[in-house]
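Just so you know, the protein sequences line up as chains A and B, in that order.
Note that this note's numbering numbers the first sequence so that position 130 is 580, with each residue one more than the last.
Note that this note's numbering numbers the second sequence so that position 147 is 597, with each residue one more than the last.
By construction, the Cβ of each residue, glycine as well, lies at the ideal position given by its N, Cα and C atoms.
2 protein chains.
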Amino acid sequence: MAIAKKVGRPKKFDRDTALMSAVNVFWLKGFEGASMADLTEAMGVNPPSLYAEFGDKLNLYRLAIDRYASNDACSPLVAFESEPDIEKAVRAFMNEVVIYSTKHESGAKGCFLSSSVATSAGAIEGVQELLKKAIESTDKRLAKRFDSAKADGSLAKDFPSLERARLMFDLRQGLVFRARASCSAKSLKADLDQRVTMILRDT
Amino acid sequence: MAIAKKVGRPKKFDRDTALMSAVNVFWLKGFEGASMADLTEAMGVNPPSLYAEFGDKLNLYRLAIDRYASNDACSPLVAFESEPDIEKAVRAFMNEVVIYSTKHESGAKGCFLSSSVATSAGAIEGVQELLKKAIESTDKRLAKRFDSAKADGSLAKDFPSLERARLMFDLRQGLVFRARASCSAKSLKADLDQRVTMILRDT
DNA sequence: ATATTTATTTATCAAACGCTACAAAATAGT
DNA sequence: ACTATTTTGTAGCGTTTGATAAATAAATAT
């Protein structure tokens with residue numbers, strides 16, 4: 451029933467595509483830095499349609515954060531989860547982080563949450579909570595992969611999954627911050643080997 | 451000759467104090483999120499005086515970034531540099547990062563550069579460069595302390611100072627990001643011991 | 001065909017924004 | 001005391017901003 455025909459003039463835009471365009475604008479310019487004119491243009495949605503579909507600017511922002519944070523297809527996470535060998539998986543994750551934060555198709559550097567949304571956590575209602583949830587959820591998602599590796603014997607039974615998940619995620623923030631400051635992908639990969647070892651080292 | 455009396459009505463504000471107040475406002479609200487009304491009020495400087503002293507909003511922002519980035523008194527760095535024992539120094543650094551990013555007197559969470567300036571690096575001329583310089587300078591400042599420890603024999607001669615400096619700084623970004631999302635200081639200290647070990651481990 | 005529904009388009013609105021003119025006030029030099 | 005110099009305080013300038021009213025267009029239902 452997803453494509454059930456409705457009465458009335460059809461929408462000219464796809465909701466999810468438009469929302470992702472909004473993410474890109476907010477990512478590049480921040481909440482206050484992104485004007486409604488920027489958004490309507492990038493999304494291909496006129497102001498009245500935008501307000502009817504997404505509510506006001508703040509609500510659109512929250513929806514954009516939610517859309518981005520709950521993206522199962524986040525490439526570093528997918529790389530980490532889909533590679534069977536745990537060492538290669540960790541390496542693939544870090545590698546994808548570098549690619550993602552330096553060469554995103556939208557042109558925006560870094561990560562939407564850590565390079566852009568973080569700012570608004572200081573002043574905009576509800577953003578802190580969204581960020582916190584996203585962090586906890588990512589920690590858990592990373593830890594789950596370590597748990598799988600423990601289950602199949604690739605990692606020791608006492609491997610501290612959650613601690614190393616947090617470590618991996620924190621290292622990621624460092625890379626992403628450097629990427630936002632336009633450090634080169636090459637420089638970000640300098641310490642990759644050592645960090646993979648570090649993340650997987652026995653206790 | 452610093453306090454040489456000048457002709458004309460004296461200024462009502464101290465330049466550096468006002469600049470630090472501007473840092474706090476930008477830290478909390480971001481560049482576009484901070485209005486000139488917010489700034490003039492927090493700084494205790496009327497608009498005409500502000501423009502005469504600091505130029506326009508963008509110039510004030512650049513000055514604020516520079517003031518913050520070149521602060522020799524940054525408490526985590528000072529803690530790291532002043533503690534003679536290298537292990538205690540690393541621990542003190544991480545500990546101060548947690549305190550600094552969760553309990554700053556201004557009420558702002560995180561770090562001005564990584565939680566706030568990073569956003570504007572996407573759209574505001576010159577900010578990327580300022581950020582990159584601040585990162586490189588901090589990497590080097592941290593590495594210097596490791597070099598001292600190598601010189602006095604506390605660390606092995608082949609200890610990779612710069613690599614571990616980058617590691618320490620990247621881990622810091624992770625903590626700071628969590629702090630901005632209002633994670634508790636206690637939760638940020640959970641992995642402190644393991645991370646100190648990690649940073650100092652022999653190659 | 002006509003009515004009903006929904007979305008689009010265009011043109012704006014009031015409010016907030018960054019910024020500045022202007023006159024009063026406070027200092028030092030003579 | 002008077003002049004020159006500099007900063008302050010107030011008020012308001014022209015834009016830009018987030019958001020909307022009204023008319024038009026495109027679909028389905030009967």
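query = Is it the case that the Cβ atoms of R459 (chain B) and A568 (chain A) are separated by a distance below 8 Å?
reply = Inclusion of R459 (chain B) and A568 (chain A) in the CB contact set at 8 Å is not warranted, their separation being larger than that value.
task = Have a look at C633 (chain B) and D620 (chain A) and give me their C-alpha separation to the nearest angstrom.
result = Roughly 13 Å separates the two Cα atoms.
ask   = Which chain A residues are close to G560 (chain B), counting only those with a beta carbon under 7 Å from its beta carbon?
value = Neighbours of G560 (chain B) across chain A, judged by C-beta separation under 7 Å: A568.
key: Validate contact between the stretch 461–481 of chain B and the stretch 517–531 of chain B using beta carbons, cut 8 Å, 3 pairs   = Short answer: they touch.
query = In whole angstroms, what is the alpha-carbon distance linking D643 (chain A) and K636 (chain A)?
reply = The C-alpha of D643 (chain A) lies about 13 Å from the C-alpha of K636 (chain A).
Buried or exposed (CB count within 10 angstroms, at least 16 for buried), G603 (chain B) = The residue in question, G603 (chain B), is exposed, as its Cβ has fewer than 16 Cβ neighbours within 10 Å.
inquiry  = Can you check whether the C-beta of A514 (chain B) is within less than 8 Å of a C-beta belonging to chain A?
reply    = Taking CB atoms only, A514 (chain B) has no neighbour in chain A less than 8 Å away.
ask   = Is the beta carbon of A558 (chain B) less than 8 Å from the beta carbon of E546 (chain B)?
value = The answer is no: Cβ separation not under 8 Å.
task = Assign L460 (chain B) to one of three DSSP states: helix, strand, or coil.
result = The sequence shown places Pro at residue 460 (chain B), not Leu. When DSSP states are grouped into helix, strand and coil, P460 (chain B) belongs to the coil group.
query = In angstroms, rounded to a whole number, what distance separates the CA positions of D464 (chain B) and A539 (chain B)?
reply = Between the C-alpha atoms of D464 (chain B) and A539 (chain B) there is a straight-line separation of about 34 Å.
key: Rounded straight-line distance, which links the Cα of K582 (chain A) to that of R512 (chain A)   = Near 14 Å, if we compare the C-alpha coordinates of K582 (chain A) and R512 (chain A).
ask   = At least one CB of chain B closer than 8 Å to the CB of S632 (chain A): is that the case?
value = It does: the Cβ of S632 (chain A) has a partner Cβ on chain B nearer than 8 Å.
query = Helix, strand or coil: which one does DSSP assign to K553 (chain B)?
reply = Three-state DSSP puts K553 (chain B) in coil, outside helix and strand.
query = In the stretch 490–540 of chain A, which residue ranges form an unbroken alpha helix (DSSP H) of at least 4 residues, counting only runs that do not cross its ends?
reply = As far as the stretch 490–540 of chain A is concerned, its whole alpha helix (DSSP H) runs of at least 4 residues are 497–504, 507–519 and 525–532.
query = Roughly how many whole angstroms lie between the Cα atoms of L612 (chain A) and F596 (chain A)?
reply = Near 8 Å, if we compare the C-alpha coordinates of F596 (chain A) and L612 (chain A).
message = Helix, strand or coil for A452 (chain B)? Go by DSSP, reduced to three states.
response = Confidence in A452 (chain B) is poor, its pLDDT being 44 and thus under 50, which makes the residue's placement unreliable; the coordinate value appears in the next sentence. In the structure shown, A452 (chain B) sits in coil (DSSP, three-state: anything other than H, G, I, E or B).
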